[in-house]
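Undergrad: Structure in structure tokens, see below.
Numbering (my numbering), first residue to last: 1383 to 1538.
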């Protein structure tokens, strides 16, 4: 029951919408799994190079969204205005730099993953140490931001 004493029940349309959603996701999943060229590195990570720019961009955007965006950025934006999201606008510039400067270098070298590029271009254990430091840095700051948000929510 809600505050007005009304009983909240799901209608037939709600069940139909959920069923259609699951059927659509299952259909796309089965279709994608049955397509050829998935057992190579290029087929797995780059969709066989047949993907248009829109799903690639949407995937890049969606992979960046985390709990700090849904909770922290939304709450800060409600309290202080849109200025707290200015660092996200800076990401537009950095993604352009990535696409126009670094991507041609990776394509010219023929690598599919940045880890492979670093392994080929850094001698000995320097590549491994570089990735280890970057992963540690990322883990410490990403987990501390997420933990700070969840601790803040416990007190609200």
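A virtual CB, placed ideally from N, CA and C, is assigned to each residue, including glycine.
Quick one: grab the DSSP three-state call for residue 1494.
TA: coil
Undergrad: Tell me the rounded alpha-carbon separation between residue 1468 and residue 1505.
TA: Looking at the backbone, the Cα of residue 1468 and that of residue 1505 are separated by about 38 angstroms.
Undergrad: Among 1439, 1461, 1499, which one has its Cα closest to the Cα of residue 1478?
TA: 1439
Undergrad: Would you identify the three-state DSSP class for residue 1447, choosing helix, strand or coil?
TA: If DSSP states are grouped into helix, strand and coil, residue 1447 belongs with coil.
Undergrad: Does DSSP put residue 1411 in a helix, a strand or coil?
TA: helix
Undergrad: Of all the options 1463, 1517, 1480, which has the alpha carbon lying nearest to the alpha carbon of residue 1497?
TA: 1517
Undergrad: Look up residue 1549 in the DSSP assignment and say whether it is helix, strand or coil.
TA: The structure shown does not extend to residue 1549, since the chain is modelled only from 1383 through 1538, so no value can be given for it.
Undergrad: What three-state label does DSSP hand residue 1441 in the structure shown?
TA: Here residue 1441 carries a helix assignment [DSSP, helix/strand/coil].
Undergrad: Does the Cβ of residue 1454 have 16 or more other Cβ atoms within 10 Å, making it buried, or fewer, making it exposed?
TA: Within 10 angstroms of the beta-carbon of residue 1454 lie 16 or more other beta-carbons, which makes it buried.
Undergrad: Where does residue 1434 sit, in a helix, a strand or coil, going by DSSP?
TA: coil
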